[in-house]
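> The structure's right below; bear with me while I get my questions together.
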Amino acid sequence: MNSQLKQAGKKIVELMGAIPIMDELNFRFQQIWNHNKNNKYKKSLKRFVFPTDRALFNTFQLDYKKYREDGLIAAQEMIDWGGLNTIKDPIVLDWGCGTGRVIRHIPNLKIHSICYGADIDCTTIQWCRKAIDSVYFDCIEHRTLPYPSNYFHLVYGISVLTHIPHTDTQFWLTELNRVLLPNGIAILSTHGTHFYDQLNQQEKIKLQREGSFSNAFKKDGDRSKTTYHEANHFKKMLEHHFSIVEFWEGHQFPQKMGGQDCWVIRKK
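When we follow this note's numbering, the leftmost residue of the sequence shown carries the number 150, and every step to the right adds one.
Right, here's the structure in full:
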């Protein structure tokens, strides 16, 4: 019943065109709620440059401590899961890097690594270039990654396929395959069963029938645009270019990627 009420409320908000208003109210609430602890944490790290509150809200959570410390943990996980400890001078790409939450830590954790971050939000990329000098940042334009083929040892995309249309998934898997070195590793996350309660019955039926589903929100990459992938269907999509090294189902292993399904895959 609670799930049905939430779905009904969500639909009403969408029909009224109130999503931008609700989003703004949520932002202001989080900004006020976290103001004191964020300022206190920021003062304790005078040399660490934080993004604007708006950028943090749009790409992660408006929590300075979580932004830095969760980003540091995730960076070490990318190094470990990507097998970078055995590579002398690894070349790494954070696909959909946002404000550089994760990639900014990798140069310090893995000495001599060459790190890149790419995102469709060119304004955020401009901020990253000014604030984070140990990483190369690029804006993704024309639906193509601005890198040569067979270049990266590791590409990871944390909560990226979750916010682009499911009809674009195969295109981006092909593009990631292109820029990876032979036997290179990609780490990706998708919305799986842990998030199915966000869907109404009609949407669940469509997801089950087609294997993937995206809501109708207009702007790609927006935090309100959500895409879901059924695991077996996504596995079949991967088979074109990749072999699966590890798969953690988000409902069973919520600690791996915040409840999202987590895929560690190798270029064939």
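We put the CB at the ideal spot given by N, CA and C, even for glycine.
From a predicted model like this one, the values you see are computed outputs, not experimental measurements.
1. Could you name the residues that DSSP lists as bridge partners for Ile263?
2. Give me the Cα-Cα distance between Gly438 and Leu258, rounded to the nearest whole angstrom.
3. Does the beta-carbon distance from Phe301 to Leu242 come in below 9 Å?
4. Going by other Cβ atoms of all chains shown within 10 Å of its Cβ, with 16 needed for buried, is Arg358 buried or exposed?
5. For Asp202, I'd like the list of residues in its chain whose CB is within less than 7 Å of its CB, leaving aside the five on either flank, ordered along the chain.
6. Between which residues of its own chain and Val413 is the CB-CB distance below 6 Å, once the five residues before and five after are set aside?
7. So, for Gln319: in the same chain, excluding its five sequence neighbours on each side, which residues have a beta-carbon less than 7 Å away from its beta-carbon?
8. With DSSP as the reference, label Tyr190 as helix, strand or coil.
9. Does any residue of chain C have a CB that is nearer than 9 Å to the CB of Thr208?
10. So, is Gln401 buried or exposed, given that buried needs 16 or more other C-beta atoms within 10 angstroms?
11. Taking DSSP's pairing of strands, which residues face Val304 in a bridge?
12. From which residue to which residue does the alpha helix (DSSP H) around Glu324 run?
13. In the structure shown, what three-state DSSP assignment does Thr201 receive?
14. On the criterion of 16 or more Cβ atoms from any shown chain inside 10 Å, does Leu154 qualify as buried, or is it exposed?
Inspection of the coordinates gives the following:
1. Looking up residue 263 in the sequence shown gives position 114. Paired residue(s): Ile240.
2. Here the chain comprises residues numbered 150 to 417, so residue 438 is not present and cannot be evaluated.
3. Start at 1 with the first residue of the sequence shown, and residue 301 comes out as number 152. Start at 1 with the first residue of the sequence shown, and residue 242 comes out as number 93. Going by C-beta atoms, Phe301 is nearer than 9 Å to Leu242.
4. The count along the sequence shown starts at 1 and reaches residue 358 at position 209. Exposed, since its Cβ has fewer than 16 Cβ neighbours within 10 Å.
5. Within the sequence shown, the letter at position 53 stands for residue 202. Excluding positions up to five away in sequence, the list reads Gln180, Leu211.
6. By one-based count along the sequence shown, residue 413 stands at place 264. Around Val413: Trp230, Ile336, Val394, Glu395.
7. Residue mapping note: residue 319 aligns to position 170 of the sequence shown, counting from 1. Within the same chain, Gln319 has close Cβ partners Met386.
8. Here residue 190 refers to the residue found at position 41 of the sequence shown. Helix at Tyr190.
9. Among the protein chains of the structure shown there is no chain C, as only one such chain exists.
10. By one-based count along the sequence shown, residue 401 stands at place 252. Classification of Gln401: exposed, given that the 10 Å Cβ count is below 16.
11. For the purposes of this step, residue 304 is identified with residue 155 of the sequence shown, where counting begins at 1. According to DSSP, Val304 bridges with Leu242, Ala335.
12. The sequence position of residue 324 within the sequence shown is 175, counting from 1. Run containing Glu324: 318-328, per the alpha helix (DSSP H) assignment.
13. Indexing the sequence shown from 1 puts residue 201 at position 52. In this structure, Thr201 counts as coil in the three-state DSSP scheme.
14. By 1-based counting over the sequence shown, the position of residue 154 is 5. Any answer about Leu154 is weak, because its pLDDT of 49 lies below 50 and its placement is not dependable; what the coordinates show is given next. Burial call: exposed.
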